Amino acid sequence: MSRDIYFDNSATTPIDPAVAQAMDPWIDEYFGNPSSMHRIGRQAREAVELARHQVAQLINAKAEEILFTGSGTEADNTAIVGLFELAGGQPFHLITSAIEHPAILETCRYLERRGAEVTYLSVDSSGMVDPEELASAFEPHTRLVSIMTANNVVGTIQPIAELARITRDHGALFHTDAVQAAGRIPLDVHVQPIDLLSLSAHKIYGPKGCGALYVRQGIKLEPLLHGGGQELGRRSATENVIGIVGFGVAADIARVEMSRESARLVQLRDRLIRGIVDTIPNAYLIGHPFRRLPGHICIGFAGQEGEAIKMLLALDQEGIAISSGSACSSNHATEASYVLKAMGFDPLRARGGLRITLGRFNTEKEVNEFLEVIPRVVDSMRTITSRAV
Ligand code: PLP
């Protein structure tokens, strides 16, 4: 194989060459601090504000509703901790789902330690939250609901508009972690009555270390960072101008290319799913059969779930990069996935998901190459499994 095949676009995406090109002059030529009053500073300010506008357009928000952060994780923390702090010790109940990213779940656990009450909604076997379960989970002091738009492990897309409407009817705020969904499926914070929404540049072919939180006009949050009062006092720190410029261009490209790109990825994804499920007898698809992100596949091999990490490493040796369904981090790669467990998988099967995520730069040729390699890898694992028994 001539070069690595990168099928791990949910972990991170390569920087689009047009994004890299746009960032380039901001690395050395334009170095100003956006808070400076002179021309060099004003240039940087203009670049940040253009990017704010570009990111806002991706979700049909106003530019002033976009708060730049250092990551998707920080956007999630800013929304949840920011609201908790603002409540100033008043009873605080928040509702989330059992399959959120750790950026949400660990933040919830932190707030529980600080006295918040958290309800974790269950999901069905395809990873869907039940709107009726949400409707019955509200309490008089429920301030916030946080449900991800699309799951990072299984790719399932939630009925966000409906969940947001139910939340609004109950007088709470609705936050969604759209880190995986943005740029892949259409998002509109007016059609879907969303109050807070998290984004991350490195999932949409932009740079790492740059995120954003959409905060609907009028919503107040206690800032996490205190200092010079940047971002209208909502996040002190000199702006990451290079990253923000790249994020803006990445958002622009994502908005313009989304429908064409998604259609192409859905085709490649479905070809890959059929190619695996139709030729490997014990293969099964994990997640929702059709409410799933374009390009997102999670697959298991019945009876071989314990070998998922070995399969991942065998594919790596063949120059193919995918990830396990276990977690977003290699620190937990051999553990059962809490997402799959919440979907009703037993602990062994919950270790067996393999996540294959296609992106902008993947080709049909790569899908064909993968389909040639995977039966051989699964077969070699079968030999290991039967020998071990
Ligand atoms: N939320 C989801 C759903 C994610 O998939 C990720 C990253 O994997 C994050 C949040 C964290 O984003 P970041 O890597 O920018 O901190």
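According to the UniProt record's numbering, the sequence shown is numbered sequentially starting from 1.
Cβ coordinates follow ideal geometry from the N, Cα and C atoms, glycine included.
Keep in mind that this is a model prediction, so the values were computed, not measured.
Secondary structure at residue i, three-state DSSP: helix, strand or coil?
{"i": "LEU111", "result": "helix"}
{"i": "ARG260", "result": "helix"}
{"i": "ILE280", "result": "coil"}
{"i": "ASP188", "result": "coil"}
{"i": "ASP169", "result": "helix"}
{"i": "GLU117", "result": "strand"}
{"i": "VAL319", "result": "The question names Val, but residue 319 is Gly in the sequence shown. Here GLY319 sits in coil by DSSP."}
{"i": "GLY295", "result": "coil"}
{"i": "PHE370", "result": "helix"}
{"i": "LYS150", "result": "Position check: residue 150 holds Ala in this sequence, whereas Lys was assumed. Reduced to three states, the DSSP call for ALA150 is strand."}
{"i": "GLY211", "result": "strand"}
{"i": "PHE84", "result": "helix"}
{"i": "ILE157", "result": "strand"}
{"i": "PHE247", "result": "helix"}
{"i": "ILE66", "result": "strand"}
{"i": "LEU221", "result": "coil"}
{"i": "SER198", "result": "strand"}
{"i": "SER380", "result": "helix"}
Count the other C-beta atoms from every protein chain shown that fall within 10 angstroms of the C-beta of residue i, then say buried if there are 16 or more, exposed otherwise.
{"i": "residue 390", "result": "The first residue shown for the chain is 1 and the last is 389, placing residue 390 beyond what the model contains."}
{"i": "ASP16", "result": "buried"}
{"i": "SER122", "result": "exposed"}
{"i": "VAL378", "result": "buried"}
{"i": "ILE27", "result": "exposed"}
{"i": "PRO294", "result": "buried"}
{"i": "HIS190", "result": "exposed"}
{"i": "GLN158", "result": "buried"}
{"i": "ASN362", "result": "buried"}
{"i": "VAL256", "result": "exposed"}
To which residues does DSSP link residue i through a beta bridge?
{"i": "ASP252", "result": "Answer is none; ASP252 lacks a bridge partner."}
{"i": "VAL145", "result": "ILE95 and PHE174"}
{"i": "ASP8", "result": "THR357"}
{"i": "GLY300", "result": "TYR284"}
{"i": "VAL123", "result": "VAL129"}
{"i": "residue 435", "result": "Past the boundaries of the shown model lies residue 435; the chain is included only from 1 to 389, so the question cannot be answered."}
Take residue i as the anchor and find which of the options has the nearest alpha-carbon.
{"i": "ALA63", "options": "SER71, GLN54 and THR69", "result": "GLN54"}
{"i": "ALA20", "options": "ARG52, ILE253 and GLY227", "result": "ILE253"}
{"i": "ARG269", "options": "ARG3, ASP4 and ASP8", "result": "ASP8"}
{"i": "GLY185", "options": "ASP130, GLY233, ALA251 and THR73", "result": "Looking at the sequence shown, residue 185 is not Gly but Ile. Among ASP130, GLY233, ALA251 and THR73, the Cα nearest to that of ILE185 belongs to ALA251."}
{"i": "LEU196", "options": "ASP177, PRO34 and HIS202", "result": "ASP177"}
{"i": "GLY287", "options": "LYS365, ILE309, VAL129 and ILE40", "result": "VAL129"}
{"i": "ALA18", "options": "ALA75, GLY155, ILE204 and ASN60", "result": "ILE204"}
{"i": "HIS101", "options": "THR357, SER125, SER337 and ARG42", "result": "SER337"}
{"i": "LEU163", "options": "THR149, SER200 and ALA308", "result": "THR149"}
Taking 8 Å as the CB-CB cut-off, is residue i touching chain D?
{"i": "GLU369", "result": "No chain D appears in the structure shown, which is made up of a single protein chain."}
Considering only residues of the stretch 13-40, which uninterrupted alpha helix (DSSP H) runs meet the minimum length of 4 residues and lie entirely inside it, listed in chain order?
Correct list: 17-27.
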